[in-house]
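S.K.: Chains as they are written, first to last, in my numbering: chain Z, 5 to 411; chain B, 540 to 920. All C-beta atoms, glycine included, are put in the ideal place defined by N, C-alpha and C. Model, not experiment: these values are computed from the prediction.
Structure follows, in structure tokens:
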């Protein structure tokens, strides 16, 4: 690490970055992960509050009513009041509950919802870990959430919870396969599992025409299928069978109260963001367009070289939380330099683009939820296994052929 | 123990059916109905409806009160059809006492009964959507129901329980302002009805959830004594307003919608739902005709607060939103009835639950109960 910085300074670009303090080489990494992880979790907690407020206002608009409007101006403090209410609630565990499963379930669900953020980029450089197997990591850790919910189904010893867990198991088997096939389409076309590289592949072409959905009909179809499977994956209406209120009381979280319930609740919103962001990254060009980003000046090359050096230093495909290093360096030395400002603007526009797409998709989720009735469990399985799966196979095959024939 | 195949292994496992208790605090049992459901995975093998959580001894109370004082109690039976409920009781008492009801009162009774039918069906529409997981139609239904409740509030003072039809006539007269409100409501209702259909009735998911589900064949519907939209949904065009007209229903032209299996089989949940939807439009027609032809004159025949009825007995049924509500009144010459028996449509319609909910999915049970549209206040009385 230190010799990287040394080399960097010797290369002449050092004027931009004052030498960092001499510290053990592992310390920045550990600190970066701790701070970065903390920021992500705090950010997600705040976003979950904002999204619940947004959802309730939009639902109010759709349902010709006002929505929350009592706590604070326009009711914006309502989710905060709800969170405090949940914290103050009694923590009840049914006497028939299996203690270990009952306790572990919300933790696993929360873990499964939060871990994808370790690799999920918000913009080109704003990412905790730029992992080569990023996409695989996200999909793998999303599945942990399912295990947690199965445990929540069995743990409380309630029949309604058990039904919720059973339904989720059936639903997961149905949606995971078509979802994987849709992802495969993009992997074939982009030739990478690295989320950053997948987005970089979509930056080619004029304005938004480089996006995956405009590059191949297979990807266009796959986008909609991915979104439908994602709805099923996040248990949102019309696929909210595991927690179907009118059938299973509250499904797998029937017996959970207080903070444990809050964990399920927050995980659901985090998982929704993951699916929306993933759809934006895989199919809609991530942080490219619709708002064009300012061009980077010539000397940005040094900056990139420095980043690459850090990546290489970390060894193998697993890179470090380079973005935080950049952030620190920017604060320390280049905050007022032209390069620093340009890169900051570059990244901020990227984040705005990302959020535009993710929140747009999120809005559609809300819209669908407050419009459509719920599908029956056999219809979910029919839709996923007999409709989406064959289409997904066709799309994946098409993508594979397209890569070979029109490289 | 070894097994040759997975199948053999599966067969060697002990399995048993799960008894599950649905209600009385379940979100979609429409009040305090309790269903004991025998399930095999998601499949429901049998259901046992348990009732009586709302029993209030209506029939016994009716024996100890003057005839006029029974009316508030009838209101509380089917609390979503409070304008319709007192009607058969009033008609039965009027028949026993030989009271002549002014024409204007009959017309007012018809207008209010039909408006309440619309309000009740609007709620049935909303809660049915809610049972199937769509939240928004419920609030749309409430929006239009609110207009009707405002009209009822103006004419009777109440928003849920009205005590409006009285023995000998109605409680208050119609004013031009109320008539204007009703006409405004009819315009609004005709405007939003197609919207309801695009939102829910013709929605693919909704159709898939309700068509071919909970089919009640014509013969079975008759055998179980179903009435109202449940019977007509099975294709039987029986409506008391046509078959045995009361309150001058013979003067109005309207159609009796029946289930035709438009989306699946005749007598499925969608047919019962659709009959209610079309009935709302038919009720609009009746209200419009009654408003146009509202005769002048008194709206009340003075019968006194307490009066003796000559010995005799009478049974008068009326077409309520949920089916045939009839009161069998036995008079013994005093000012109180010797016996009052009510034939409640929700109670009779509920009896078919077990016969229909066999070998269906758990989600279908909710759809079937919702399509029968029960009010527990009336089931238990």
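Give a yes or no on contact between the stretch 127-135 of chain Z and the stretch 354-365 of chain Z, applying the rule of three or more CB pairs nearer than 8 Å.
M.R.: The stretch 127-135 of chain Z is in contact with the stretch 354-365 of chain Z.
S.K.: In chain order, what residues of the stretch 373-406 of chain Z put their CB closer than 9 Å to some CB of chain B?
M.R.: 373, 374, 375, 376, 377, 378, 379, 380, 381, 382 and 383
S.K.: Give the range of the beta strand (DSSP E) segment to which residue 854/B is assigned.
M.R.: Counting along the chain, the beta strand (DSSP E) containing residue 854/B begins and ends at 851-859.
S.K.: What does residue 884/B reach in chain Z if we use C-beta pairs closer than 8 Å?
M.R.: Those do not exist, as residue 884/B stays about 23 Å from chain Z at its closest Cβ, beyond 8 Å.
S.K.: Using a threshold of 8 Å, is the CB atom of residue 52/Z nearer than that to any non-hydrogen atom of the ligand SAM?
M.R.: Ligands in the displayed structure: none, and consequently the ligand SAM is not present.
S.K.: Taking the alpha helix (DSSP H) that residue 277/Z falls in, what are its first and last residues?
M.R.: 262-287
S.K.: Could you give the uninterrupted runs of the alpha helix (DSSP H) lying entirely in the stretch 106-185 of chain Z, keeping only those of 4 residues or more?
M.R.: 138-158
S.K.: Pop quiz: residue 88/Z and residue 229/Z are said to be a contact at Cβ under 8 Å. What is the actual Cβ separation, rounded to whole angstroms?
M.R.: In fact, because the Cβ distance is near 40 Å, the residues do not count as touching under 8 Å.
S.K.: According to the Cβ coordinates, are residue 842/B and residue 561/B closer than 9 Å?
M.R.: no
S.K.: Note down, in chain order, every chain Z residue with its Cβ under 8 Å from the Cβ of residue 522/B.
M.R.: The structure shown does not extend to residue 522/B, since chain B is modelled only from 540 to 920, so the question has no answer here.
S.K.: To the nearest angstrom, report how far apart residue 793/B and residue 781/B are at their CA atoms.
M.R.: So the two alpha carbons sit approximately 9 Å from each other.
S.K.: Could you tell me the distance, in whole angstroms, from the CA atom of residue 684/B to the CA atom of residue 691/B?
M.R.: 11 Å
S.K.: Can you grab the Cα-Cα spacing for the pair residue 391/Z / residue 234/Z, in whole Å?
M.R.: Residue 234/Z has its alpha-carbon roughly 15 Å from the corresponding atom of residue 391/Z.
S.K.: Do you know how far the Cα of residue 109/Z is from the Cα of residue 99/Z?
M.R.: Cα-Cα distance, rounded: 17 Å.
S.K.: Quick one, which of 220/Z, 369/Z and 174/Z has its alpha-carbon nearest residue 387/Z's?
M.R.: 174/Z
S.K.: On the three-state DSSP scale, how would you describe residue 704/B?
M.R.: Here DSSP, grouped into helix, strand and coil, assigns residue 704/B to strand.
S.K.: Can you give me the C-alpha to C-alpha distance between residue 928/B and residue 583/B, rounded to a whole angstrom?
M.R.: The structure shown has nothing for residue 928/B, since chain B only spans 540 to 920.
S.K.: Does the stretch 659-678 of chain B come within contact of the stretch 811-818 of chain B, defined as at least 3 CB pairs closer than 8 Å?
M.R.: yes
S.K.: Are the beta-carbon atoms of residue 572/B and residue 563/B separated by less than 9 Å?
M.R.: yes
S.K.: In this structure, what does DSSP give as the bridge partners for residue 824/B?
M.R.: Residue 824/B is not bridged to any residue.
S.K.: Determine the contact status of residue 96/Z and residue 351/Z, defining contact as a CB-CB distance below 9 Å.
M.R.: no
S.K.: Out of 101/Z, 36/Z, 196/Z and 162/Z, which one is the CA nearest neighbour of residue 139/Z?
M.R.: If we check each option's Cα against that of residue 139/Z, 196/Z comes out closest.
S.K.: Name, please, each residue of chain B whose Cβ falls closer than 7 Å to the Cβ of residue 2/Z.
M.R.: The requested residue 2/Z is not part of the displayed model; chain Z covers only 5 to 411.
S.K.: Residue 69/Z touches chain B at which residues, Cβ-Cβ below 8 Å?
M.R.: 678
S.K.: Compile a chain-ordered list of the residues in the stretch 88-106 of chain Z whose CB is closer than 9 Å to at least one CB of chain B.
M.R.: Going along the stretch 88-106 of chain Z in chain order, one finds no residue with a Cβ nearer than 9 Å to chain B.
S.K.: Could you tell me which of 60/Z, 59/Z and 403/Z sits nearest to residue 192/Z, measuring between CA atoms?
M.R.: 403/Z
S.K.: Can a CB atom of chain Z be found closer than 9 Å to the CB of residue 665/B?
M.R.: no
S.K.: Just checking: is the beta-carbon of residue 888/B within a distance shorter than 9 Å of some beta-carbon in chain Z?
M.R.: no
S.K.: Which residues in chain B have a C-beta closer than 7 Å to the C-beta of residue 66/Z? List them in chain order.
M.R.: 675
S.K.: Here's the rule I'm using: 16 or more other beta-carbon atoms within 10 Å means buried, otherwise exposed. How should residue 202/Z be labelled?
M.R.: buried
S.K.: Roughly how many whole angstroms lie between the Cα atoms of residue 232/Z and residue 244/Z?
M.R.: 12 Å
S.K.: May I ask which residues mark the beginning and end of the beta strand (DSSP E) holding residue 205/Z?
M.R.: Taken as a continuous stretch (DSSP letters only), residue 205/Z belongs to no beta strand (DSSP E), being part of the alpha helix (DSSP H) at 199-205.
S.K.: Using CA atoms only, rank isn't needed, just tell me which of 297/Z, 111/Z and 65/Z is closest to residue 264/Z.
M.R.: The shortest CA-to-CA distance from residue 264/Z to any of 297/Z, 111/Z and 65/Z is the one to 111/Z.
S.K.: Could you check what DSSP says for residue 904/B in three-state terms: helix, strand or coil?
M.R.: helix
S.K.: Per DSSP, what are the beta-bridge partners of residue 626/B in this structure?
M.R.: Answer by DSSP bridge pairing: none, since residue 626/B is not bridged.
S.K.: Could you check what DSSP says for residue 876/B in three-state terms: helix, strand or coil?
M.R.: strand
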